[in-house]
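Trainee:
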Amino acid sequence: VFFANHQSQLDILVLYLVLREHVIGFVAKQSLFRIPFLGPAMRQAGHVAIDRTNRRRAMRSIDEAVRQAARGISIVLFPEGTRSTDLTRLASFKIGGLVMALTCRLPIVPLVITGTGDILPKKSLFLAQGRRDVMVSVLPAIPVDTYTLKDREALAEEVHTIMNARYQEMRG
Numbered sequence: 002v003f004f005a006n007h008q009s010q011l012d013i014l015v016l017y018l019v020l021r022e023h024v025i026g027f028v029a030k031q032s033l034f035r036i037p038f039l040g041p042a043m044r045q046a047g048h049v050a051i052d053r054t055n056r057r058r059a060m061r062s063i064d065e066a067v068r069q070a071a072r073g074i075s076i077v078l079f080p081e082g083t084r085s086t087d088l089t090r091l092a093s094f095k096i097g098g099l100v101m102a103l104t105c106r107l108p109i110v111p112l113v114i115t116g117t118g119d120i121l122p123k124k125s126l127f128l129a130q131g132r133r134d135v136m137v138s139v140l141p142a143i144p145v146d147t148y149t150l151k152d153r154e155a156l157a158e159e160v161h162t163i164m165n166a167r168y169q170e171m172r173g
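In this note's numbering, the protein residues as written are 2 to 173.
1. Does the stretch 6-20 come close enough to the stretch 76-92 that 3 or more CB-CB pairs lie under 8 Å?
2. State yes or no: is the C-beta of D134 within less than 8 Å of the C-beta of G118?
3. Rounding to the nearest angstrom, what Cα-Cα distance links L37 and T147 in this structure?
4. Could you check what DSSP says for K123 in three-state terms: helix, strand or coil?
5. Classify P144: buried if its beta carbon has 16 or more other beta carbons within 10 angstroms, exposed otherwise.
6. To the nearest angstrom, report how far apart R35 and M43 are at their CA atoms.
7. Check the C-beta distance from V49 over to A66 and give it rounded, since I have them as a contact under 8 Å.
8. Return the first residue and the last residue of the beta strand (DSSP E) that A50 is part of.
9. How far does the beta strand (DSSP E) with I114 in it reach, from first residue to last?
10. Can you tell me the Cα-Cα spacing of V139 and V113, whole angstroms?
11. For I63, which of A92, K124, G26, S93 has the nearest alpha-carbon?
12. As a quick exercise: from R68, G97, S93, pick the residue whose alpha carbon is nearest that of R57.
Shown next, in the form of structure tokens:
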């Protein structure tokens with residue numbers, strides 16, 4: 002289960018490049034699946050829609066992601082839940098991704114991305130002018146076998162602390 006911070010729509014393209022040796026499926030907000038052509042293509046590709054407005058449907062989405070993982074698809078989550086506008090730190094993590102990782106008992110591999118938010122910020126349609134660097138740091142896997150669902154908030158804090166520390170180092 003890959004956890005990546007989320008600054009820009011470019012993150013998805015960057016992750017496809019970085020994870021090109023894996024078959025991946027993103028967990029994405031339900032509204033993206035309603036877009037003509039894009040939504041059906043996402044479903045066909047094995048991505049999982051999550052309805053963040055309905056807890057019961059969100060749990061079904063987590064179950065679907067667990068089934069995808071059991072079929073050998075590496076799940077990619079943005080635990081912040083949305084693209085961040087504050088590029089100075091990572092936003093707090095939503096719990097759903099932790100529940101998914103704990104349910105399927107797969108390690109969490111943190112991926113820390115910098116630079117994409119400078120190139121294509123949230124709410125922008127245009128790429129920034131000039132050269133910009135994008136960096137991705139793949140951190141050591143975090144085993145989840147010592148955690149239970151009751152420990153999900155502690156696990157969220159641990160993963161967030163590790164990722165945010167690396168993010169601060171990368172930002173320099």
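We put the beta carbon where it would ideally sit given N, CA and C, even for glycine.
Nothing here was measured: the structure is a model prediction, and the numbers come from that model.
Mentor: A quick look at the data gives this:
1. Contact between the stretch 76-92 and the stretch 6-20 is present, because at least three Cβ pairs lie under 8 Å.
2. Against the sequence shown, residue 134 aligns to sequence position 133. Against the sequence shown, residue 118 aligns to sequence position 117. One thing to note: D134 has its Cβ no nearer than 8 Å to the Cβ of G118.
3. Counted from its first residue, the sequence shown places residue 37 at position 36. Counted from its first residue, the sequence shown places residue 147 at position 146. Sequence check: residue 37 is Pro here, not Leu. Between the C-alpha atoms of P37 and T147 there is a straight-line separation of about 42 Å.
4. If you number the sequence shown from 1, residue 123 lands on position 122. Correct three-state label for K123: coil.
5. In the sequence shown, counting from the first residue as 1, residue 144 sits at position 143. By the Cβ-count criterion, P144 is exposed, with fewer than 16 other Cβ atoms from all chains shown falling within 10 Å of its own Cβ.
6. For the purposes of this step, residue 35 is identified with residue 34 of the sequence shown, where counting begins at 1. For the purposes of this step, residue 43 is identified with residue 42 of the sequence shown, where counting begins at 1. Approximately 10 Å, taken between the alpha carbons.
7. For the purposes of this step, residue 49 is taken as the residue at position 48 of the sequence shown. For the purposes of this step, residue 66 is taken as the residue at position 65 of the sequence shown. About 5 Å separates the two Cβ atoms, so the contact holds.
8. Counting from 1 along the sequence shown, the entry for residue 50 is found at position 49. For A50, the enclosing beta strand (DSSP E) starts and ends at 49-51.
9. The residue labelled residue 114 in the question sits at position 113 within the sequence shown. First-last of the beta strand (DSSP E) with I114: 110-115.
10. The residue given as residue 139 occupies position 138 in the sequence shown. The residue given as residue 113 occupies position 112 in the sequence shown. Here the alpha carbon of V139 sits roughly 7 Å from the alpha carbon of V113.
11. Within the sequence shown, numbered from 1, the residue matching residue 63 stands at position 62. Of the listed residues, the one whose Cα sits closest to I63 is G26.
12. Taking the sequence shown and counting its residues from 1, one reaches residue 57 at position 56. Nearest option by C-alpha distance: G97.
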